[in-house]
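In the working numbering, the protein residues as written are 413 to 604. Here is the structure we will look at.
This is the structure in structure tokens:
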């Protein structure tokens with residue numbers, strides 16, 4: 413799967429709908445301070461299932477919704493969609509009958525977030541597993557934010573291992589193993 417398009421509406425500084433094409437190869441986002449570079453990276457991480465509002469530079473998850481300016485009123489919702497090109501059928505098996513996979517996350521004030529994959533309502537965990545199985549995700553080493561290189565150099569071995577596991581595409585296996593162990597424990601207690 414390859415990133416193809418990122419659509420934002422009401423997300424942080426992107427109050428109006430924006431549709432960005434992501435071309436193959438290395439993509440860098442450059443521009444002056446305050447133009448929204450970090451917000452683009454956060455939009456990618458958010459649509460891929462980021463759950464930590466602190467890593468989104470907010471006091472709560474609703475802080476991703478455009479809060480208004482003196483000239484523009486605040487919004488009541490934000491939506492980000494990520495269109496993935498799956499022509500090479502590299503998505504997890506349940507999505508390989510699709511040429512494209514579209515993941516959408518929407519948040520409304522006082523109502524929380526909702527996720528969709530190809531128009532179907534799904535759980536946050538389903539989105540996170542989709543990206544974990546594809547060797548990417550909200551915490552992917554491919555998404556390098558400001559200051560992250562220095563953090564990696566100074567990281568403890570366990571943190572480096574997590575980064576390598578995500579890059580190798582095995583982080584989703586840990587989640588699936590944990591879920592299977594919980595089901596096994598539940599079955600064992602039912603047998604007793």
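C-beta: ideal position from N, C-alpha, C; glycine also.
Legend entry - Beta-carbon proximity list for residue 530, same chain, < 7 Å, skipping 5 on both sides: Once the five neighbours on either side are set aside, the close Cβ partners of residue 530 are 510, 513 and 514.
Legend entry - Neighbourhood of residue 414 by C-beta distance below 6 Å, restricted to the same chain and skipping five residues each side: 497, listed in sequence order.
Inset, instruction - Please state if the CB of residue 492 and the CB of residue 420 are separated by a distance shorter than 8 Å. - result: Yes, they are a contact pair.
Inset, instruction - Express the C-alpha separation of residue 539 and residue 526 in angstroms, rounding to a whole number. - result: Taking the CA atoms as reference points, residue 526 sits about 11 Å from residue 539.
Inset, instruction - Just the C-alpha distance for residue 439 and residue 585, rounded to the nearest angstrom, thanks. - result: Whole-angstrom Cα-Cα distance: 28 Å.
Inset, instruction - Check whether the Cβ atoms of residue 445 and residue 424 sit closer than 8 Å, and answer yes or no. - result: In this structure, residue 445 lies away from residue 424, with their beta-carbon atoms at least 8 Å apart.
Inset, instruction - Can you give me the start and stop residues for the alpha helix (DSSP H) that residue 521 sits inside? - result: First-last for residue 521: undefined, no H or E at that position.
Legend entry - Residues that DSSP places opposite residue 514 in a beta bridge: Residue 514 pairs with 495.
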